[in-house]
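Q: I am attaching a structure below and will ask some questions about it afterwards.
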Amino acid sequence: MIVAFGIILAAVILIFVIWMLLARRLREKYAALWLIIGLAVLVLGLWPQLLLALTDFLGVQVPANLLFSAAIVLLLAVALHHSWELSQAEDEIRRSAEESAIARAEIQRLSERLDALEGRSTDDGRNEPPTARPDAL
Amino acid sequence: MSEPSDRVLIIVPAWNEARSVGGTVREIRSGNPLYDIAVIDDGSTDDTAEVARQAGAIVLQLPFNLGVGGAMRTGFTYAQRHGYTRVIQVDADGQHNPSDIDRVLEGLERADISIGARFADVGDYTVRGPRRWAMIVLAKVVSRVAGTTLTDVTSGFRAANERAVAQYVRYYPAEYLGDTLDSLVAACHAGLTVTQVPVAMRPRVHGTPSQSPVGAAIYLLRSVVALTLAIMRRPSRKAVAA
C-alpha cells in the first residue's frame, strides 16, 4: 500500500513539475532539482529493496531513518539555495529601483526643458530645478 | 553655474521628512546657491518629494523604501552620470549644519573621503553607555583599517570625490550600518584614503533617537557583526576584481 503511495507521489511530482515547466511557471534551474527528487522517489517506490540495500551499506539501523535524514538534508539545501536566490533577486530589485528613480528625475528634467523650449508655460507653482544643463547626459 | 571641474552635488536622503526637508534644502541653498541639491525620496508616504521640489532641489523618487544605503547609491549613480566631481551627504532632519558643508568638502583636498565627525572637540554632541563604547570600538578598528585616526565612523555627514563615488557606485550596501561602516571599510580596502573634519551636530528638528539600554545593546551587537563582516569581506572582493 505504502509502496503504491510512493509511486503515485513521485508520478504526481513529476507531472506537476513538467506541467509548470511547459506553462512557464517554473524556471529550468529550479525544475531540474525537483525532477531529480521526483525521479529518486519514483525509483525508490518501484524498487524498495534499493533502499534496504543502501541502509545496509551505510550501516543505518532503520531504512526509514535513512529516508528521513536524506529528506531533511535535501530540504535544508533547497531552503538555503532559495535564500541565496532571494538575496540576489533583492539586490537586482534594488538596482532597478535606483535606476527607476534616476530615470524619473531625468524625464522630469527633460520635460521641463522641453516645455521651456517650446515656450509653454510651466507655471504650476514649481521652481525650475537648477539642473537644466546641456552637458548633462 | 560652476565650472565642470568642481561641480558639487549635495545628496539628501529623506524618508518621510516632509516637515524638515524643505527647511534643510532652503538652508543649504542660501549657504551656497552654486551647489546642486538632490533629495532622494526613499519611498516616502508623505509629500517629501513635493516639498523638496518646491524648495528647489532635484528630486529622485524611489518607488519603495530601500534604506539609506539604497538612497545614497541612487544619488552617487546620478552624480557619476552627470559628472559631479564632489559629492556630500547631508541628512534631511537638520542634524547636519549646512554651514559645515564647505569645511567637510575641504577635507577632500587631503583624501578621497571626508567625514564630518561629531566628537572631535566641537559642539556638545554626547552619547553614553554601550552605544558610546560601541562607537569607540568601531572607530578604533576602522581607524586601523583606514590607516588614519577616525573618531566617528558612523557619521552620515561625509563627502566623496570622483574616485570614491565610482567605488560607491560599484559597492554600497543597503544593510544595517552598511551605508556607513561597510561602505567605508570597502572603500579603504579598494585603496581610497579617508580623513575627518570636526563638526558640531545639531539636535534633530523632529523625532528622537532611540537611547534605551536594550536598543543600545542591540546596536552594539549589530555593529560588531556588521564590522566583522565588512572586514572579512576583503579577500572575496579582491578575487572578484582580479
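Residue numbers (this note's numbering), protein chains in the order written: chain G, 1 to 137; chain X, 138 to 379. Ideal Cβ placement from N, Cα and C applies to all residues, glycine included.
What does Y305 (chain X) touch in chain G if you count any residue whose Cβ is under 7 Å from its own?
A: Your numbering for residue 305 (chain X) matches position 168 in the second sequence. Here the premise fails: no neighbours, minimum Cβ distance about 12 Å.
Q: Answer yes or no: does any C-beta atom of chain G fall closer than 8 Å to that of Y308 (chain X)?
A: Counting from one through the second sequence, the residue named residue 308 (chain X) turns up at place 171. So no, Y308 (chain X) is outside the interface.
Q: Please list, in chain order, the chain X residues whose beta carbon lies closer than 9 Å to that of R113 (chain G).
A: Taking the first residue of the first sequence as position 1, residue 113 (chain G) is located at position 113. What R113 (chain G) touches in chain X: nothing, since even the nearest Cβ is about 13 Å away.
Q: Report the neighbours of R210 (chain X) on chain G: residues whose CB is nearer than 7 Å to its CB, in chain order.
A: Reading the second sequence from its first residue, position 73 is the one you call residue 210 (chain X). Going along chain G in sequence order, the residues near R210 (chain X) (Cβ under 7 Å) are E98.
Q: In the DSSP assignment, find the unbroken beta strand (DSSP E) run with Q310 (chain X) in it and report its ends.
A: Position 173 of the second sequence, counting from 1, holds the residue named residue 310 (chain X). It should be noted that the sequence gives Pro, not Gln, for residue 310 (chain X). Looking at the DSSP string, P310 (chain X) is not in any beta strand (DSSP E), and its letter there is neither H nor E.
Q: Quick one: what does DSSP say P170 (chain X) is sitting in, helix, strand or coil?
A: Within the second sequence, numbered from 1, the residue matching residue 170 (chain X) stands at position 33. P170 (chain X) falls in the coil class under three-state DSSP.
Q: Contact criterion: CB-CB distance below 8 Å. Does F201 (chain X) meet it with respect to chain G?
A: Walking along the second sequence from the start, residue 201 (chain X) turns up at place 64. Answer yes: the Cβ-Cβ gap between F201 (chain X) and chain G drops below 8 Å somewhere.
Q: Return yes when the Cβ of V331 (chain X) is within less than 8 Å of the Cβ of A287 (chain X), no when it is not.
A: Counted from its first residue, the second sequence places residue 287 (chain X) at position 150. Counted from its first residue, the second sequence places residue 331 (chain X) at position 194. A small correction: the amino acid at residue 287 (chain X) is Leu; Ala does not occupy that position in the sequence shown. For L287 (chain X) and V331 (chain X), yes; Cβs fall inside 8 Å.
Q: Any idea if I355 (chain X) is buried or exposed, counting beta-carbon neighbours within 10 angstroms, 16 or more meaning buried?
A: To locate residue 355 (chain X), count along the second sequence from 1; it is residue 218. Classification for I355 (chain X): exposed.
Q: Counting only Cβ pairs nearer than 7 Å, list the residues of chain X close to D94 (chain G).
A: Residue 94 (chain G) sits at position 94 when you count from the first residue of the first sequence. Note that residue 94 (chain G) is Arg in the sequence shown here, rather than Asp. Here the neighbours are L203, G207 and A311.
Q: In the DSSP assignment, what residue or residues form a beta bridge with L197 (chain X)?
A: Residue 197 (chain X) sits at position 60 when you count from the first residue of the second sequence. BP columns for L197 (chain X) point to X:I177.
Q: Check this for me: beta carbons of A323 (chain X) and A367 (chain X), under 8 Å apart or not?
A: The sequence position of residue 323 (chain X) within the second sequence is 186, counting from 1. The sequence position of residue 367 (chain X) within the second sequence is 230, counting from 1. Yes, the pair counts as a contact, with Cβ atoms nearer than the cut-off.
Q: Is there at least one Cβ from chain X nearer than 8 Å to A101 (chain G)'s Cβ?
A: Counting from 1 along the first sequence, the entry for residue 101 (chain G) is found at position 101. True, the Cβ-Cβ gap to chain X drops below 8 Å.
Q: I'd like the list of long-range same chain contacts for R190 (chain X), defined as Cβ closer than 7 Å, with 5 residues on each side in sequence excluded.
A: As a position in the second sequence, residue 190 (chain X) is number 53, starting the count at 1. Excluding sequence neighbours, R190 (chain X) sits near V196.
Q: Within this structure, are the beta carbons of A101 (chain G) and L364 (chain X) separated by less than 8 Å?
A: Along the first sequence, one-based indexing puts residue 101 (chain G) at 101. Along the second sequence, one-based indexing puts residue 364 (chain X) at 227. Taking 8 Å as the Cβ cut-off, A101 (chain G) and L364 (chain X) do not qualify as a contacting pair.
Q: Can you find the residues in the same chain that come closer than 6 Å, C-beta to C-beta, to N234 (chain X), ignoring five residues on each side of it along the sequence?
A: For the purposes of this step, residue 234 (chain X) is taken as the residue at position 97 of the second sequence. Contacts found: R339.
Q: Just to confirm, are L357 (chain X) and W270 (chain X) a CB contact at a threshold of 8 Å?
A: Against the second sequence, residue 357 (chain X) aligns to sequence position 220. Against the second sequence, residue 270 (chain X) aligns to sequence position 133. Taking 8 Å as the Cβ cut-off, L357 (chain X) and W270 (chain X) qualify as a contacting pair.
Q: Within this structure, are the beta carbons of A40 (chain G) and V17 (chain G) separated by less than 8 Å?
A: Position 40 of the first sequence, counted from the first residue, corresponds to residue 40 (chain G). Position 17 of the first sequence, counted from the first residue, corresponds to residue 17 (chain G). In this structure, V17 (chain G) does not lie closer than 8 Å to A40 (chain G) by Cβ.
Q: From the DSSP output, in three-state form, read off S292 (chain X) for me.
A: For the purposes of this step, residue 292 (chain X) is identified with residue 155 of the second sequence, where counting begins at 1. Reduced to three states, the DSSP call for S292 (chain X) is coil.
Q: Could you pull out every residue in the same chain whose Cβ sits closer than 6 Å to the Cβ of G207 (chain X), ignoring the five residues on either side in sequence?
A: Position 70 of the second sequence, counted from the start, is the residue given in the question as residue 207 (chain X). Only A311 meet the Cβ criterion.
Q: CA-CA distance, T285 (chain X) and Y172 (chain X)?
A: Walking along the second sequence from the start, residue 285 (chain X) turns up at place 148. Walking along the second sequence from the start, residue 172 (chain X) turns up at place 35. Spanning the two alpha carbons is a distance of roughly 29 Å.
Q: Compute the Euclidean distance between the alpha carbons of G315 (chain X) and I177 (chain X), then round it to the nearest angstrom.
A: Locating residue 315 (chain X) in the second sequence gives position 178, counting from the first residue. Locating residue 177 (chain X) in the second sequence gives position 40, counting from the first residue. Their Cα atoms are separated by approximately 18 Å.
Q: Starting from Q88 (chain G), trace the alpha helix (DSSP H) in both directions and tell me its first and last residue.
A: By one-based count along the first sequence, residue 88 (chain G) stands at place 88. Element bounds for Q88 (chain G): P63 to L117.
Q: Please list, in chain order, the chain G residues whose beta carbon lies closer than 9 Å to that of T182 (chain X).
A: Here residue 182 (chain X) is taken as the residue at index 45 of the second sequence, counted from 1. Correct list: empty, because the minimum Cβ distance to chain G is about 16 Å.
Q: Under three-state DSSP, which class holds G118 (chain X)?
A: Residue coverage of chain X in this structure runs from 138 to 379, which leaves residue 118 (chain X) outside it and unanswerable.
Q: Look up T332 (chain X) in the DSSP assignment and say whether it is helix, strand or coil.
A: Taking the first residue of the second sequence as position 1, residue 332 (chain X) is located at position 195. The answer is strand: DSSP assigns T332 (chain X) an E or B state.
Q: Could you please give me the residues that DSSP links to M338 (chain X) through a beta bridge?
A: Position 201 of the second sequence, counting from 1, holds the residue named residue 338 (chain X). M338 (chain X) is bridged to X:H233.
Q: Is V205 (chain X) near I225 (chain X), with beta carbons less than 8 Å apart?
A: Taking the first residue of the second sequence as position 1, residue 205 (chain X) is located at position 68. Taking the first residue of the second sequence as position 1, residue 225 (chain X) is located at position 88. No, they are not a contact pair.
Q: Whose C-beta lies closer than 6 Å to the C-beta of A327 (chain X) among residues of the same chain, with five residues either side of it excluded?
A: As a position in the second sequence, residue 327 (chain X) is number 190, starting the count at 1. If we look at A327 (chain X) and ignore the five residues flanking it on each side, its Cβ neighbours are Q304.
Q: Out of X:G266, X:V290 and X:P267, which one is the CA nearest neighbour of K277 (chain X)?
A: Working through the second sequence from its first residue, we reach residue 277 (chain X) at position 140. The option with the nearest alpha carbon to K277 (chain X) is X:V290.
Q: With which residues is N298 (chain X) paired in a DSSP beta bridge?
A: By one-based count along the second sequence, residue 298 (chain X) stands at place 161. DSSP output for N298 (chain X) lists X:R223 as bridge partner(s).
Q: Quickly, what does DSSP pair I250 (chain X) with across the bridge? List them, please.
A: Within the second sequence, numbered from 1, the residue matching residue 250 (chain X) stands at position 113. In the DSSP output, where bridge partners are listed per residue, I250 (chain X) has X:A297 and X:V331.
Q: Counting only Cβ pairs nearer than 7 Å, list the residues of chain G close to T214 (chain X).
A: Mapped onto the second sequence, residue 214 (chain X) falls at position 77. Simply E98 and I102.
Q: Rounded to a whole number of angstroms, what is the C-alpha to C-alpha distance between R210 (chain X) and E106 (chain G)?
A: If you number the second sequence from 1, residue 210 (chain X) lands on position 73. If you number the first sequence from 1, residue 106 (chain G) lands on position 106. Using only the alpha carbons, I get a separation of about 16 Å.
Q: Quick one: grab the DSSP three-state call for L321 (chain X).
A: As a working note, residue 321 (chain X) is residue 184 in the second sequence. Of the three classes helix, strand and coil, the one that applies to L321 (chain X) here is helix, per DSSP.
Q: For Q232 (chain X), return the contacting residues in chain G, with the cut-off set at a CB-CB distance below 8 Å.
A: As a position in the second sequence, residue 232 (chain X) is number 95, starting the count at 1. Within chain G, no residue comes near Q232 (chain X); the closest Cβ sits about 24 Å away, beyond 8 Å.
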